[in-house]
Amino acid sequence: MTIVGTKVLRKEDPKFLTEGARYTADLVDPRLDGALHATFVRSTVANGRIESIEIEEAMAMPGVVAVVTGADLPESLRLLPGPVPLFPPEMLNRPVLATERVRFVGEPIALVVTEKAYQGEDAAEAVLVEIEPLTAVVDLEEAATDEVVIYESLGTNLAIDFSTLGMSTGFSNEAFFEGCEVVVSQRVSHQRMSSAPLEVRSAATVWEDDRLVMWMSTQAAHGARDGFATAYELDAGSVHLVAPDVGGGFGSKISPYPEEIVLPLASRITGRPIRWFETRTENMIAMGYGRGHVHYATIGGDRSGNVTHYRIDVLSDSGAYARIGGFLPLFTLPMVSGTYDIPHVETRARSFVTNTVPSEAFRGAGRPEATLSIERCMDLFAAEVGLDPIEVRRRNLIQPDAFPATTAVGTEYDTGDYERALDLALEAADIDELRAERDRRRDAGDPIAMGIGVSVYVEVTAGPAPGGNEFAKVEITPDGKAKVYSGALSHGQSHATTFAMIAGDQLGLPVEDVELIQGDTDLVAQGTGTFGSRSTQLGGSAVFEAAAGVVDKAREVAADLLEAAAEDVVLDTDSGLFHVAGSPSVSMGWSDVAAAAEAGSLVADKDFNANCSYPFGAHVAVVDVDTETGGVTLRRMITCDDAGTIINPIIVEGQRHGGIAQGVAQALLEEVTYDPDGNPVTSNFADYSIISMAELPSFELVAMETPTPNNPLGAKGVGESGAIGGTPAVQSAVLDALSGLGVTHIDVPITPQKIWTAIAEANA
Ligand code: MCN
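Sequence positions in the sequence shown follow the working numbering and run 2 to 765.
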């Protein structure tokens, strides 16, 4: 019996439920004995010139061992090392500590190193920083006007123009929509979202002679190691990076931040180990938000509901410097037309700097933006032609026999059956009954208006094309069990379970006998990390192939013992026993083979490389909207999310749940905001309405599996699906509820205040 596809309970849970997780801040390690604590002095001004930084008073405070400013940084540490892949102007590279200019509230200017953490709080306040304030640009579209330019010598706020990189089609002219009977345009806003991981950022560091040891909360240990190696001019082998348990990241912990990069310098200056962990407020203002797009979208077609033309202008908020967030239109552009067969599509995308924290990836990272815009346009188009939005979608979906299907922007979707996903979700929702209830209540003038929203989505995982690679090594231990070393880095995704299942099937071992080792650059030779829902397709496939490689080696050993030719020896993966084909009565297990093998020889590794894949699905949201208060109750959320072959249905359901919750959060609640001067308004969980169980119904999940031919597992990614399909379905449901009241569009998050105002305006 194969293990893949069965409901194996999470191997991670016994530890988490009994002793609890061990995050970086909880680390106990003799090398960190006597560690000092770092506290950051941050800018309180969004845009300004630093006139002076005085540290004398702070230096005299109790417990202060050192104060480090930008003046102490060697050349290699002045700018934050990569990754900033799309070559924005060099001056947009982020400084590690601000020296002459500050460009967002929360930007690190200095760090105070103290014996105790509480002493750092007081001492950081005693560092006197004089800043001459300049006009701040907070709003993305205002930044795009270049009326106020943040980098004077650059002369523009434009950070990246994707057309110069050949990644967008560009716009033709007004004649583009000429043949269309119906054309609808909409500005679609995608607010700034905090990824709000439960574990905030945290790191600890010590030098062992000339070798740097770094513990940190990260999604990508090897990338982080390379960042430290660059910053400290070391070879990669001279940095040992360890990620203990990581309490979530959602895209925000892919690469090191200044706060982490500067710690080894402080350790070098003081000759002591250093620890740092931030407060929730620091996390909210200084870690970086996701999304932060505005799209201008226009859709065109005929009166029978055929969509023939689509044009989208993507504006993306890079924040104060060019980091990951600014280049995410790279993921939006290939996905703009979604699940629809639209023959004519035009795109443009630009990222602009603003005086806000540099933006980062957040669950979905570029794909939710593409999906929300096309789904919003499908609803508006359907309303304009007077047809049912579900029928208009159905009419335009790419058909199952079209795969592999190449879209008008040149993206090749691997496999899919979008209409079936839609049908399954609608059936589970009992759409006819829902519609009847909605119409009944609408006719009766119920002040609690019911709305039904639908989205059909496709996204890209382990992408965009051409995909990527991930490393795994599988080793048989002398007792006949297995260790899997992976370059992926689970921070909540349960790889210890799913990778053990994949290896277990190949090796004929139970999951209990397969141990996962990850997040330690001395133990795992290489790796890329966990983001972009890439780990199963790439990391899981690497495990699959490395395990197969070990079996081949073991067959040679077993062949000697069985006095047979290796080609004739088979491994019965049900029993985990080797025998000569056709003669199962004489057999031996892994422990016999391990005992006979040369020490350390039963090992194989794989750096697996594959093209990306395109998971898809359909979501149905049902809401009640109180038209007198604007309050929204999400009554039901029914989703069909197809991620190809499923390794573990329980874990996949958990991933879908988390994603859907964050998708709903974007639709209804969460938004990172700044005041016009660039002061963060949402700097804790009282101001930032993080979603909780209280706002959510039990999700109704429908299963569907359409394998991809792009990897041996047939698996696509699932970690972000819910966040991609969820937001447009809920937005659509709320607007459906309000459709009888003359309200045609409200941007996410659709808060009670926005609903109340929209109804009042429509009445006026
Ligand atoms: N899985 C499966 N079958 C599939 C696909 C996935 O059984 N066909 C399982 C995997 O084996 C894995 C999990 O589902 O155990 C997620 O796999 P995958 O979709 O490959 O995604 P990654 O492991 O690469 O995780 C990244 C993804 C992203 S991009 C974000 S953001 C996100 C997410 O995962 N952040 C998370 N889920 C999160 N979950 C938690 N708890 N915390 C986060 O920060």
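Where is the CB? At the ideal position from N, CA and C, for every residue including glycine.
| Pick from SER733, GLY743, PHE686 that is closest to MET194, judged by C-alpha positions | Your numbering for residue 194 matches position 193 in the sequence shown. Ranked by how close their Cα comes to the Cα of MET194, the residues SER733, GLY743, PHE686 have PHE686 in first place.
| query | For GLN527 versus GLY488, is the C-beta distance shorter than 8 Å? | reply | Within the sequence shown, numbered from 1, the residue matching residue 527 stands at position 526. Within the sequence shown, numbered from 1, the residue matching residue 488 stands at position 487. Contact flag set, yes.
| query | Expressed to the nearest angstrom, what Euclidean distance is found between the alpha-carbon atoms of GLY21 and ASP440? | reply | In the sequence shown, the residue the question calls residue 21 occupies position 20. In the sequence shown, the residue the question calls residue 440 occupies position 439. Those two C-alpha atoms are separated by around 50 Å.
| task | List the residues that DSSP assigns as beta-bridge partners of SER722. | result | Mapped onto the sequence shown, residue 722 falls at position 721. Beta-bridge pairing by DSSP links SER722 to no other residue.
| When DSSP builds the beta bridges, which residues end up paired with SER352? | Within the sequence shown, residue 352 is the residue found at index 351, counting from 1. Answer by DSSP bridge pairing, in chain order: ILE161, SER317.
| message | Only counting the same chain, and skipping five residues up and downstream in sequence, which positions put a Cβ closer than 8 Å to that of GLY417? | response | Here the question's residue 417 lines up with position 416 in the sequence shown. Only THR340, ILE399, PRO401, PHE404, ALA406, VAL459, TYR615, PHE617, ASP643, THR707 meet the Cβ criterion.
| Proximity of VAL429 and VAL703 at Cβ, strictly below 8 Å | Residue 429 sits at position 428 when you count from the first residue of the sequence shown. Residue 703 sits at position 702 when you count from the first residue of the sequence shown. Going by the sequence as given, residue 429 is Ala instead of Val. Going by C-beta atoms, ALA429 is nearer than 8 Å to VAL703.
| field | Contact set for ASP246: own chain, Cβ-Cβ below 6 Å, skip 5 residues either direction | value | Position 245 of the sequence shown, counted from the start, is the residue given in the question as residue 246. Taken in chain order, the residues that qualify are ALA22, ARG23, TYR24.
| said: I'd like the span of the alpha helix (DSSP H) that includes ILE262, first residue to last. | reply: As a first step, residue 262 must be located in the sequence shown, where it is residue number 261. From DSSP, the alpha helix (DSSP H) with ILE262 extends over 259 to 262.
| message | Which residue wins for smallest C-alpha separation from ALA547, given the options VAL139, GLY291, ASP608, ALA560? | response | In the sequence shown, residue 547 corresponds to position 546, counting from 1. Here the closest residue by C-alpha is ASP608.
| message | Which of the three DSSP states is assigned to LEU266 in this structure? | response | Taking the sequence shown and counting its residues from 1, the one referred to as residue 266 is at position 265. When DSSP states are grouped into helix, strand and coil, LEU266 belongs to the helix group.
| Which term fits ALA595, buried or exposed, when burial requires 16 or more other beta carbons within 10 angstroms of its beta carbon? | Walking along the sequence shown from the start, residue 595 turns up at place 594. Buried is the label assigned to ALA595, since at least 16 other Cβ atoms lie within 10 Å of its Cβ.
| query | Measuring from the CB of PHE579, is there a heavy atom of the ligand NAD at a distance below 7 Å? | reply | No copy of the ligand NAD occurs in the structure displayed; its ligands are the ligand MCN alone.
| message | Tell me the DSSP secondary structure of GLN656 in three-state form. | response | Here the question's residue 656 lines up with position 655 in the sequence shown. In this structure, GLN656 counts as helix in the three-state DSSP scheme.
| What separation, rounded to the nearest whole angstrom, lies between the Cα atoms of THR280 and PHE41? | Within the sequence shown, the letter at position 279 stands for residue 280. Within the sequence shown, the letter at position 40 stands for residue 41. Cα to Cα, THR280 sits roughly 11 Å from PHE41.
| When the Cα of ILE751 is compared with those of LEU635, ILE647, ALA695, which residue comes out closest? | In the sequence shown, residue 751 corresponds to position 750, counting from 1. Of the residues LEU635, ILE647, ALA695, the one whose Cα lies closest to the Cα of ILE751 is LEU635.
| said: Let me check you understand the geometry: is the CB of ARG368 closer than 7 Å to at least one non-hydrogen atom of the ligand MCN? | reply: Position 367 of the sequence shown, counting from 1, holds the residue named residue 368. Not a single heavy atom of the ligand MCN lies less than 7 Å from the C-beta of ARG368.
| ALA543 at chain D interface by Cβ criterion, 8 Å | Absent from the structure: chain D. Only one protein chain is present.
| When every heavy atom of the ligand MCN is checked, does at least one fall within less than 7 Å of the C-beta of ILE647? | Within the sequence shown, numbered from 1, the residue matching residue 647 stands at position 646. Yes, the ligand MCN has a heavy atom inside 7 Å of this Cβ.
| task | May I ask you to report which of helix, strand or coil DSSP gives ARG636? | result | What you label residue 636 is simply residue 635 of the sequence shown in a count that begins at 1. DSSP places ARG636 in strand when its eight states are reduced to three.
| query | Among ILE725, TRP591, SER740, which has the Cα closest to the Cα of ALA763? | reply | The residue given as residue 763 occupies position 762 in the sequence shown. The residue with the shortest Cα to Cα distance from ALA763 is SER740.
| Contact between the stretch 309 to 319 and the stretch 440 to 450: three or more CB pairs below 8 Å? | With a cut-off of 8 Å, the stretch 440 to 450 and the stretch 309 to 319 do not count as touching, because too few Cβ pairs lie within range.
| task | Kindly indicate the opening and closing residues of the beta strand (DSSP E) around TYR297. | result | Here residue 297 refers to the residue found at position 296 when the sequence shown is read from its first residue. Run containing TYR297: 291 to 302, per the beta strand (DSSP E) assignment.
| query | Is the closest heavy atom of the ligand MCN to the C-beta of VAL653 under 7 Å? | reply | Against the sequence shown, residue 653 aligns to sequence position 652. Result yes, Cβ under 7 Å from the ligand MCN.
| said: Is GLY464 near the ligand MCN - that is, is its Cβ less than 7 Å away from at least one heavy atom of it? | reply: Start at 1 with the first residue of the sequence shown, and residue 464 comes out as number 463. No; taking the cut-off as 7 Å, the Cβ of GLY464 has no heavy atom of the ligand MCN nearer than that.
| Is it true that the CB of VAL113 sits closer than 8 Å to the CB of VAL128? | Here residue 128 refers to the residue found at position 127 of the sequence shown. Here residue 113 refers to the residue found at position 112 of the sequence shown. By the CB criterion at 8 Å, VAL128 and VAL113 fall inside the cutoff.
| message | Closer than 7 Å to a non-hydrogen atom of the ligand MCN - does that hold for the CB of HIS310? | response | Locating residue 310 in the sequence shown gives position 309, counting from the first residue. The beta carbon of HIS310 sits no closer than 7 Å to any heavy atom of the ligand MCN.
| The beta strand (DSSP E) with ARG276 in it runs from where to where? | Taking the sequence shown and counting its residues from 1, the one referred to as residue 276 is at position 275. 275 to 278 is the extent of the beta strand (DSSP E) around ARG276.
| query | Would the beta-carbon of GLN494 be found less than 7 Å away from any heavy atom of the ligand MCN? | reply | Start at 1 with the first residue of the sequence shown, and residue 494 comes out as number 493. Yes, since a heavy atom of the ligand MCN falls inside the 7 Å radius drawn around the Cβ of GLN494.
| If ARG421 sits next to MET92, beta carbons under 8 Å apart, how far is it from one beta carbon to the other, in whole angstroms? | Residue 421 sits at position 420 when you count from the first residue of the sequence shown. Residue 92 sits at position 91 when you count from the first residue of the sequence shown. Rounded to whole angstroms, the Cβ separation of ARG421 and MET92 is 51 Å, and the two are not in contact under 8 Å.
| field | Cβ-based burial, GLU209 [other Cβ within 10 Å; buried from 16] | value | Here residue 209 refers to the residue found at position 208 when the sequence shown is read from its first residue. It counts as exposed.
| task | On a CA-only basis, which of TYR486, CYS641, THR7 is nearest VAL604? Give me that one, please. | result | What you label residue 604 is simply residue 603 of the sequence shown in a count that begins at 1. Out of TYR486, CYS641, THR7, TYR486 has the C-alpha closest to the C-alpha of VAL604.
| message | Once DSSP output is grouped into helix, strand and coil, what is the label at PRO75? | response | The count along the sequence shown starts at 1 and reaches residue 75 at position 74. It is coil, neither helix nor strand.
| request: Tell me whether GLY107 counts as near the ligand MCN, meaning its Cβ is closer than 7 Å to at least one heavy atom of that ligand. | output: Within the sequence shown, the letter at position 106 stands for residue 107. For the ligand MCN, not one heavy atom lies less than 7 Å from the Cβ of GLY107.
| query | Smallest Cα separation from ASP162: which of PRO479, ALA350, GLN656, ILE375? | reply | As a working note, residue 162 is residue 161 in the sequence shown. Nearest C-alpha to ASP162: ALA350.
| query | Among all the DSSP beta bridges, which residues are the ones paired with MET217? | reply | If you number the sequence shown from 1, residue 217 lands on position 216. In the DSSP output, where bridge partners are listed per residue, MET217 has ALA204.
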